[in-house]
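Undergrad: If you scroll down you'll find the structure; I have some questions about it.
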Amino acid sequence: MKRRTVLSMEQALSMPYATLRFAQLGWRVIRLESTPSGGGLPGDPNRYIGANVVDDDRRTYFIAPNVGKEAIAINLKEPDGQALLRRLLVELDVDVFCCNTVPRRYAQLGIDYETLSRTKPDLIWAGISAMGPDYPDAPGYDPVLQAMAGYMELTGDADGPPTLAGVPIVDLKAGDEVFANVMLALLERAETGKGSRIDVSMLQAAASWLITTLPLLDFDCAPAEITRCGNAHRKFIPTNVYPTADGFIYLAIGSDVQWRRLTEIPKFASLAAGARATNEGRHKERDAIHHDMAAVTTRFATAEIAADFRDATIPHAPIHDIPAVRDMEAVRRRLTTTHTPGGRLVHMQPMAVDVAGASGELAFPAKYGQDTCAVLREAGYADEAIAQLRERGIVAG
């Protein structure tokens, strides 16, 4: 099978996460960054975020999304830089070009689909932006999109402020949409021989997940059905976090059968009542049930309650911190890894899905512009020509 090549003008997280998924499959991913502009640090600002554990342009926040990639720097503000990009598309037989800058800059930088597809008609072009090309100036920042897409309204305690999710969920959702739609485009290209354009709107992608709330508007729902409710489920009672004698446990009752099994546990027998036999009835006593559940769970250790729930086949989980998640056997043996230049082993998040033949070990991220000269040589540039391009500020590295 042909090894795919992805050239990605990327920064921050959404697109680097998308191309990481390609790198995890063994595809060649070349990240394209800008040349120094005379002010500020060069390249992706995320290079300089987090602790300095290796060197200044590969800090901790930058590492995990950018393993397994090469790095080049080209000045796309100059016509010669744009011409160089077009030559790379052809000489490297690039399958996919990605970018996550604001759409207003596509034509300015010569990275718009129309321009690049004239050079390579079978190119698959994928862009992430805040709201798609119809809103060319909107910047795409995950927290801003969480607020805009209603996620913050749906997250947090009912009597508390709107709250961000604990992970950059919109960035990651947008990256997953690029990954999925590139796969679809490759399938279509195999049949037609033609490339295609993919525009991922972070807002639209985020709104597509409002499947349990947005449609309720046309059913005259109660306001409480479409706002935050803490750790409780809006529909299934009881589903919530409950305090134990030594921590917390999450319980999820998803059916009347599970409720009956819960109340057959001696500890929880006192919760049984005729009116609570159905989920509809439990809705009417929502607050009372939460109080009664907590009154029981606080008297026992988490492990003891978990054993009772496990024996009764009731969905539940302890509230793990991140070290505990990493140590779970189901996660630990699937962690991806990299090694720092000094040989230190770094464990990273697992692949989303196991793929036969995929390597769990990926190369440490490249320094800014580290591979510029090698990639240009591969594209047919002589060393003298590369030196001239560097002197003129067309490339860096």
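In the UniProt record's numbering, the protein residues as written are 1 to 397.
For every residue, glycine included, the Cβ atom is placed at its ideal position computed from N, Cα and C.
Counting along the chain, where does the alpha helix (DSSP H) carrying residue 290 start and finish?
TA: Residue 290 -> alpha helix (DSSP H) spans 286 to 297.
Undergrad: Which value, in whole angstroms, describes the spacing of the CA atoms of residue 104 and residue 262?
TA: Approximately 57 angstroms between the Cα atoms of the pair.
Undergrad: Assuming residue 394 and residue 10 form a contact by the criterion Cβ under 8 angstroms, report the distance between their Cβ atoms to the nearest whole angstrom.
TA: 20 angstroms between Cβ atoms; not a contact.
Undergrad: From the DSSP output, read off the bridge partner residues of residue 167.
TA: Residue 167 pairs with nothing; no bridge assigned.
Undergrad: Hey, which unbroken runs of the alpha helix (DSSP H) at 4 residues or more fall wholly within the stretch 328 to 385?
TA: As far as the stretch 328 to 385 is concerned, its whole alpha helix (DSSP H) runs of at least 4 residues are 329 to 332 and 372 to 378.
Undergrad: Compute the beta-carbon to beta-carbon distance between residue 153 and residue 228, rounded to the nearest angstrom, for a pair I have assumed lies under 8 angstroms.
TA: Indeed they touch by this definition, with Cβ atoms about 7 angstroms apart.
Undergrad: Could you tell me which of 359, 239 and 146 sits nearest to residue 333, measuring between CA atoms?
TA: Checked all of 359, 239 and 146; the closest Cα to residue 333 is 359.
Undergrad: Please classify residue 337: is it buried, with 16 or more other beta-carbons within 10 angstroms of its beta-carbon, or exposed?
TA: Its Cβ having fewer than 16 others within 10 Å, residue 337 is exposed.
Undergrad: Indicate whether residue 264 and residue 306 have their beta-carbon atoms separated by less than 9 angstroms.
TA: Contact flag unset, no.
Undergrad: If you follow the beta strand (DSSP E) that residue 199 is in, where does it begin and where does it stop?
TA: 196 to 201 is the span of the beta strand (DSSP E), which, as asked, contains residue 199.
Undergrad: Does the distance from the CB of residue 69 to the CB of residue 363 come in under 9 angstroms?
TA: Result yes, Cβ atoms of residue 69 and residue 363 sit closer than 9 angstroms.
Undergrad: Mind checking which residues open and close the beta strand (DSSP E) that includes residue 417?
TA: Since the first residue shown for the chain is 1 and the last is 397, residue 417 is missing from the structure and cannot be characterised.
Undergrad: What are the start and end residues of each continuous alpha helix (DSSP H) run of 4 or more residues lying completely inside the stretch 27 to 114, in chain order?
TA: Listed in chain order, the complete alpha helix (DSSP H) runs (minimum 4 residues) inside the stretch 27 to 114 are 60 to 63, 79 to 91 and 105 to 109.
Undergrad: Could you check what DSSP says for residue 150 in three-state terms: helix, strand or coil?
TA: Correct three-state label for residue 150: coil.
Undergrad: Locate the alpha helix (DSSP H) running through residue 131, then write down its first and last residues.
TA: Careful: residue 131 lies outside any alpha helix (DSSP H) and carries neither H nor E.
Undergrad: Please state whether DSSP places residue 155 in a helix, a strand or coil.
TA: If DSSP states are grouped into helix, strand and coil, residue 155 belongs with coil.
Undergrad: Can you find the residues in the same chain that come closer than 7 angstroms, C-beta to C-beta, to residue 51, ignoring five residues on each side of it along the sequence?
TA: Contacts found: 59 and 60.
Undergrad: Within 8 angstroms, do at least three Cβ pairs link the stretch 164 to 180 to the stretch 15 to 29?
TA: With a cut-off of 8 angstroms, the stretch 164 to 180 and the stretch 15 to 29 count as touching, because enough Cβ pairs lie within range.
Undergrad: With a threshold of 8 angstroms, are at least 3 pairs of Cβ atoms found where one atom belongs to the stretch 309 to 327 and the other to the stretch 242 to 251?
TA: In short, these stretches touch, since the Cβ pair count reaches three.
Undergrad: Could you say which of 391, 375 and 386 lies nearest to residue 90 if we only look at CA atoms?
TA: When only C-alpha atoms are compared, the closest one is 375.
Undergrad: Residue 187: buried (16+ other C-beta within 10 angstroms of its C-beta) or exposed?
TA: Flag for residue 187 reads exposed.
Undergrad: Do you know offhand how far residue 213's Cα is from residue 54's?
TA: C-alpha separation (whole angstroms): 45 angstroms.
Undergrad: Counting along the chain, where does the beta strand (DSSP E) carrying residue 215 start and finish?
TA: Where residue 215 is concerned, there is no enclosing beta strand (DSSP E), given that its DSSP letter is neither H nor E.
Undergrad: Pull up the distance between the alpha-carbon of residue 120 and that of residue 92, whole angstroms please.
TA: Straight-line Cα distance between these residues: approximately 11 angstroms.
Undergrad: What residues match up with residue 124 in a beta bridge as DSSP calls it?
TA: Note: residue 124 sits in a beta bridge opposite 96 and 196.
Undergrad: So, are the CB atoms of residue 242 and residue 43 less than 9 angstroms apart?
TA: For residue 242 and residue 43, no; Cβs fall outside 9 angstroms.
Undergrad: Can you say whether residue 202 is buried or exposed, counting buried as having 16 or more other CB atoms within 10 angstroms of its CB?
TA: Residue 202 comes out buried.
Undergrad: Contact defined as beta carbons within less than 8 angstroms: I believe residue 125 pairs with residue 197. What is the distance between those atoms, to the nearest angstrom?
TA: About 5 angstroms; that satisfies the 8 angstroms criterion.
Undergrad: If you run the structure through DSSP and keep just helix, strand and coil, what is residue 279?
TA: It is helical.
Undergrad: How would you write the range of the alpha helix (DSSP H) that residue 19 sits in, first residue to last?
TA: Residue 19 -> alpha helix (DSSP H) spans 14 to 24.
Undergrad: Work out the CA separation of residue 38 and residue 380 for me, nearest whole Å.
TA: Going from the Cα of residue 380 to the Cα of residue 38 covers about 29 angstroms.
Undergrad: Using C-beta distances below 7 angstroms, list every residue in its chain close to residue 32, excluding the 5 sequence neighbours before and after it, in chain order.
TA: Cβ within range, chain order: 7, 8, 9, 72 and 74.
Undergrad: Report buried or exposed for residue 76, applying the criterion of at least 16 other Cβ atoms within 10 angstroms of its Cβ.
TA: Burial call: buried.
Undergrad: Which whole-angstrom value is the C-beta distance of residue 239 and residue 232, which I expect to be below 8 angstroms?
TA: Indeed they touch by this definition, with Cβ atoms about 6 angstroms apart.
Undergrad: The beta strand (DSSP E) that contains residue 313, what's its start and end?
TA: Here residue 313 belongs to no beta strand (DSSP E), and DSSP marks it neither H nor E.
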